[in-house]
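K.L.:
Have a look at the structure that comes next, please.
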Amino acid sequence: MAAKPQGYDFLVECPYNKVHQLENGRRFQIHLIKCRKEYEKKFTAVKVQCPFNATHRVNEPEQRYHVENCPDRVIVDKFRNPIVDSLDALQRKEVKMIMEDDTDDWDREPPVPAYDPQKYCESSNVIRHCRGMQPHERRAFRQQELVRLRGAKALDLDNK
Ligand SMILES: [Zn+2]
Ligand SMILES: [Zn+2]
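Those letters in the sequence shown? Residues -8 to 151, per the working numbering, in order.
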């Protein structure tokens, strides 16, 4: 899309002619119908099907504009979200399981400050490998890994 003049972020580009830049809304819809008619007079319009609704068939130049503005896109997005949500929930459940699994390993150790589940996930595999070590070895190993994963912030852990 061509660079828009400053302060005109709401402008949309006509799919039939880049030079036509109009305020999105009713005016643009009227303009689009006009340009569509002109285009169909001059060219044999190739119709393309909307990915969100098989009954939507638009002229090829309008495809991108339609996909971005299709009213059925909302329905598809809503349909997708539960899948993402459940995946997210699944990952959370997994993290919880790892946490419960590990609690007996780290008893009597001070809790890690600024606990971050994301970082915990990344580091959990590493931490779980150090089972069977002596407590002081384990602490040193863990410290080493934390330094690697979190940077210098973890350095003050052992000073507490
Ligand atoms: Zn136009
Ligand atoms: Zn559509």
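For each residue, glycine too, the CB sits at the ideal point set by N, CA and C.
Do the stretch 31 to 45 and the stretch 9 to 20 meet, that is, are 3 or more Cβ pairs less than 8 Å apart?
P.N.:
no
K.L.:
Any heavy atom of ligand 1 closer than 8 Å to the CB of H57?
P.N.:
Counting from 1 along the sequence shown, the entry for residue 57 is found at position 66. Every heavy atom of ligand 1 is 8 Å or more from the Cβ of H57, so no.
K.L.:
Going along the chain, which residues of its own chain have a beta-carbon closer than 6 Å to the beta-carbon of Y7, five neighbours each way excluded?
P.N.:
Residue numbering aside, residue 7 sits at position 16 when the sequence shown is read from its first letter. Result list for Y7: C26, Y30 and P52, in chain order.
K.L.:
How would you label H127, buried or exposed, when you count the other beta carbons within 10 angstroms and need 16 or more for buried?
P.N.:
Position 136 of the sequence shown, counting from 1, holds the residue named residue 127. Exposed, since its Cβ has fewer than 16 Cβ neighbours within 10 Å.
K.L.:
Can you give me the Cβ contacts of R64 inside the same chain, cut-off strictly under 6 Å, excluding the 5 residues immediately before and after it?
P.N.:
To locate residue 64, count along the sequence shown from 1; it is residue 73. Same-chain partners within the cutoff: F43.
K.L.:
According to the neighbour-count rule (16 or more other Cβ atoms, all chains shown, within 10 Å of its Cβ), is N50 buried or exposed?
P.N.:
To locate residue 50, count along the sequence shown from 1; it is residue 59. N50 comes out buried.
K.L.:
Using DSSP with H/G/I as helix, E/B as strand and the rest coil, what is H22?
P.N.:
In the sequence shown, the residue the question calls residue 22 occupies position 31. Note: H22 maps to helix in three-state DSSP.
K.L.:
If you measure from each residue's Cβ to the nearest non-hydrogen atom of ligand 1, which ones come out under 6 Å, in chain order?
P.N.:
C5, Y7, N8, H11, H22 and C26
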